[in-house]
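**Student:** Numbered by this note's numbering, the letters in the sequence shown go through residues 135 to 255 in order.
We put the CB at the ideal spot given by N, CA and C, even for glycine.
It should be emphasised that the depicted structure is a prediction, and the values quoted were computed from it without experimental measurement.
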Amino acid sequence: MTKRVLGAIENPDVDVIAHPTCRLLGEREPVAIDLEAIFKAAVKNNKVLEINAMPDRLDLNDVHTFRARELGVKLAIETDAHSVAHLGFMRFGVSVARRAWCEPQHILNALPLEELLAFFK
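1) As a quick exercise: from I151, Q239, N186, T136, pick the residue whose alpha carbon is nearest that of E170.
2) Locate the beta strand (DSSP E) running through L209, then write down its first and last residues.
3) Note down, one range per segment and in chain order, each alpha helix (DSSP H) of at least 4 residues found wholly within the stretch 175-243.
4) Is DSSP giving V148 helix, strand or coil here?
5) Please work out which residues of its chain come closer than 8 Å, Cβ to Cβ, to F173, disregarding the five sequence neighbours upstream and downstream, and give them in chain order.
6) Considering only DSSP beta bridges, list what R89 is partnered with.
7) Can you look up F254 in the DSSP assignment and give me helix, strand or coil?
8) Taking the alpha carbon of N180 as the point to measure from, which residue in A142, S217, P189 has its own alpha carbon closest?
9) Three-state secondary structure (DSSP) at L169?
10) Measuring alpha carbon to alpha carbon, tell me which residue in H216, V228, P146, L250 is nearest D193.
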């Protein structure tokens, strides 16, 4: 699985890697993946990793998010909303980021609009 994710990270058409460990709490364990290699490749290729705020995912978790932040990975908090009611899940992703000591400059979708747009140019 690491090889697949690294391939996606190296693809110039990819900006964000979602569901990095593919876990579903209470249903599916995280896949066996070398997150250290994924984090380093994300930094090298200027890619964003998702903090998925859906309560049954929370993927990346706080420990992984902390390490990603330490290495300089750009992160984005996503609700994975499948309906308007799911938008409130954002608070769970924010909690993961806070436990990982993230600040607004670490979270792509917490940046001022000009910086966000500049990232994707």
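**Tutor:** Taking the definition as stated:
1) T136
2) 208-212
3) 196-205, 224-233
4) coil
5) L183, R201, A202, L205, V207
6) Outside the shown range of the chain, which is 135 to 255, sits residue 89, and nothing can be said about it.
7) coil
8) A142
9) helix
10) V228
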